[in-house]
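For the sequence shown, our numbering gives the first residue as 12, with consecutive numbering after it.
Here the structure comes first, spelled out in structure tokens, and everything after it is commentary.
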Amino acid sequence: MHIFHSISTKLSHSKSTFKSLTLFASLFLQSPKQFSQSTSIPKKQQRIRDHGFDDYMEVEKKNRKVIKFQDLLLTQPNSMIAISRLDMLARRFGFKQYEAGKFILKFPHVFEVFEHPVQRILYCRLTRKSLLQIEQEKQALLAQLPLGVTRLRKLLMLSNTGRLRLEHVRIARREFGLPDDFEYSVVLKYPDYFRLFDAKETRNKYIEAVERDPGLTVCAVESVREREYREKGGEEENVRFSFRVNFPPGFRIGKYYKIAVWKWQRLPYWLPYEDVSGYDLRSLEAQKRMEKRAVATIHELLSLTVEKKITLERIAHFRLAMDLPKKLKDFLLQHQGIFYISTRGNHGKLHTVFLREAYKKGELIVPNDLYLARRKLAELVLMSPRKAIVDRRLVNYRKQDDNDEIADHVENGGDHSNTQETVRQDSEEEESTDSDEDCSINSGYAHKEVNNDDVTDDAEDTCVTE
């Protein structure tokens with residue numbers, strides 16, 4: 012007892028020693044959990060922006076609205092419409108009064124504004140370049156129709172019941188390279204592959220695969236693994252269940268996160284086309300396999316699309332049929348090295364999911380004819396308005412009474428600031444009228460009447476993504 016008292020007396024006189032003991036005691040009394048580092052992928056992660064994909068979506072926002080006006084013009088007699096009527100019909104797209112005319116003047120390589128020789132009022136029609144691009148896309152779509160049939164067959168096989176709602180497929184038809192009349196030109200044309208029926212319980216039409224083709228059950232990621240294993244070699248266990256991972260710039264990868272990704276890459280899982288209805292999914296190991304299977308399912312879903320991208324809201328349409336998790340956005344943010352979510356469009360409410368391995372610097376690595384035809388529209392949209400021959404009188408929306416003033420106005424160049432705006436300067440203005448209504452009117456390029464069912468795509472193409 013005397014020895015303990017002498018030691019405590021000496022320690023009390025030593026200030027530095029006392030601080031050391033205090034620090035040691037505080038650390039000793041802390042919970043061991045504060046020292047441990049998890050070697051599993053965190054459930055919630057912050058989204059890291061990738062400017063290559065966001066710049067791609069800035070152009071895509073403009074393309075969506077341009078396509079709406081193109082489709083509207085193609086449904087009119089002689090493919091032209093009065094500006095006053097165009098302004099009225101454009102309100103269904105979210106445009107306010109007089110905004111439609113300002114919008115089309117920004118893209119003189121796509122739309123042409125002219126004065127009707129008889130009625131003496133302003134009309135709008137498509138340019139020759141725009142009509143040529145539409146025809147090229149139409150021909151590319153017809154040429155890839157057999158591939159579209161295969162995509163639809165594999166899409167149905169991803170479902171746990173082998174069937175999907177016709178309405179959900181119709182909303183996403185553009186992403187999968189299907190024509191507007193795919194119900195007749197694809198589903199009913201190939202009765203050996205598809206069957207169309209009405210469900211008595213829900214009163215909805217469904218598309219069902221007649222039979223499962225074992226030759227179509229090979230996923231795109233499996234082909235990539237096999238090719239990389241033959242070219243680069245390596246341990247089989249590291250390649251067998253792995254995915255290509257390419258994190259966005261600025262993504263922080265710590266020591267324990269690397270370990271978590273390494274463990275996840277080696278984790279076995281059931282393939283997306285495999286029937287798991289007979290498996291016991293209650294164990295923790297089974298749940299981990301199902302989570303990785305969901306990643307593989309979304310990976311395969313994106314691989315089936317034309318541009319290797321699709322909106323998150325449309326993936327949610329297939330959530331129940333493909334056993335995908337509820338909180339899709341948080342789930343995909345756990346795997347930012349495989350997928351990228353862009354929030355450009357509709358005030359950040361539109362989420363577009365990209366397959367990262369399919370893109371390089373914002374461009375598709377292996378493009379197809381349909382993708383190239385659609386990108387030509389982006390080239391017309393991005394082309395400088397200065398290179399277009401635009402009548403200054405029509406740009407200003409009025410006709411000068413004095414012919415001398417007209418000639419002087421045209422000769423001096425006039426005020427054509429509306430046609431000299433760059434693409435990036437007007438991105439904020441267009442954000443107010445952006446939406447995910449790329450199916451609002453028929454996207455086909457034949458002369459036909461507007462389908463009222465397609466106008467309601469926006470209301471049906473919504474879901475909770477949080």
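All C-beta atoms, glycine included, are put in the ideal place defined by N, C-alpha and C.
Skipping 5 residues on each side, what residues in its chain have a beta carbon closer than 7 Å to that of residue i?
| i | result |
| --- | --- |
| LYS299 | LEU278 |
| ILE59 | PRO259, GLY261, PHE262, GLN347 |
| ALA154 | ASP380 |
| GLY373 | GLY63, PHE64, ASP66, TYR67 |
| ASP203 | VAL221 |
| GLN108 | ASP98 |
| ILE376 | ALA369, TYR370 |
| GLY359 | none |
| LEU152 | GLY188, PRO190, LEU381 |
| ASN257 | GLY348, ARG367, GLU368 |
| PHE193 | ARG184 |
| ARG206 | GLU219, VAL221 |
Taking 8 Å as the threshold (C-beta atoms), are residue j and residue i in contact?
| i | j | result |
| --- | --- | --- |
| VAL124 | ILE115 | yes |
| THR363 | THR316 | no |
| LEU393 | SER141 | no |
| LYS319 | TYR370 | yes |
| THR172 | ALA332 | yes |
| ASP209 | LYS216 | yes |
| ASP286 | LYS55 | no |
| LEU227 | LEU189 | no |
| ILE132 | VAL180 | no |
| ILE1 | ARG367 | Only positions 12 to 477 of the chain appear in the structure, and residue 1 is not among them; the question remains open. |
| LYS72 | ARG355 | yes |
| ALA389 | VAL70 | yes |
| PRO396 | PRO119 | yes |
| ALA307 | TYR280 | yes |
Just to confirm my understanding: we take residue i, look at its own chain, exclude 5 residues before and 5 after, and list those with CB closer than 6 Å. What are they?
| i | result |
| --- | --- |
| TYR240 | VAL250 |
| GLN276 | SER253 |
| LEU335 | ALA305 |
| LEU282 | none |
| PRO53 | none |
| SER314 | ALA231 |
| LEU177 | LYS216, ILE218 |
| PHE365 | PHE64, LYS320, TYR351 |
| ARG255 | GLU368 |
What's the call for residue i, buried or exposed, on a 16-neighbour Cβ count within 10 Å?
| i | result |
| --- | --- |
| ARG102 | exposed |
| HIS310 | buried |
| PRO378 | exposed |
| LYS269 | exposed |
| SER95 | exposed |
| SER288 | exposed |
| LEU85 | buried |
| GLU126 | exposed |
| ARG185 | buried |
| GLN150 | exposed |
| SER170 | buried |
| ILE92 | buried |
| ASN357 | buried |
| ASN89 | exposed |
| LYS211 | exposed |
| PHE35 | Low per-residue confidence applies at PHE35: pLDDT is 41, beneath 50, and the placement is therefore not dependable, though the value from the model is reported in the following sentence. So PHE35 counts as exposed. |
| GLN41 | For GLN41, the predicted model reports a pLDDT of 39, less than 50, meaning its position is unreliable and no value from the coordinates is stated. |
| GLY159 | buried |
| GLN81 | buried |
| LYS165 | buried |
| LEU339 | buried |
| GLY265 | exposed |
| LYS303 | buried |
For residue i, which beta-bridge partners are listed by DSSP?
| i | result |
| --- | --- |
| LEU83 | Paired residue(s): none; LEU83 is not in a bridge. |
| LYS216 | ASP209 |
| GLU123 | ARG136 |
CB-CB under 8 Å to residue i, same chain, minus the five flanking residues each way: which ones, in chain order?
| i | result |
| --- | --- |
| GLN147 | ALA384, LYS387 |
| ARG236 | VAL250, ARG251, SER253 |
| LEU292 | GLN298, MET301 |
| MET168 | ALA220, ARG223, ASP224, LEU227, THR228, TYR284 |
| TYR134 | MET91, ILE92, ALA93, ILE94, VAL124, PHE125, GLU126, HIS127 |
| LEU344 | LYS55, GLN56, GLN57, ARG58, ILE352 |
| THR161 | LEU227 |
- In chain order, which continuous runs of the alpha helix (DSSP H) of length 4 or greater are located wholly inside the stretch 271-341? 295-314, 323-326
- Identify every run of the beta strand (DSSP E) within the stretch 164-204, keeping only runs that are complete inside it and at least 3 residues long; order them along the chain. 174-176
- Return the chain-ordered ranges of every beta strand (DSSP E) run that is complete within the stretch 87-117 and spans a minimum of 3 residues. 91-93
- Query: Which ranges does the beta strand (DSSP E) cover as unbroken runs of at least 3 residues, wholly within the stretch 340-399, from first to last along the chain?
  - Reply: 350-353, 363-366
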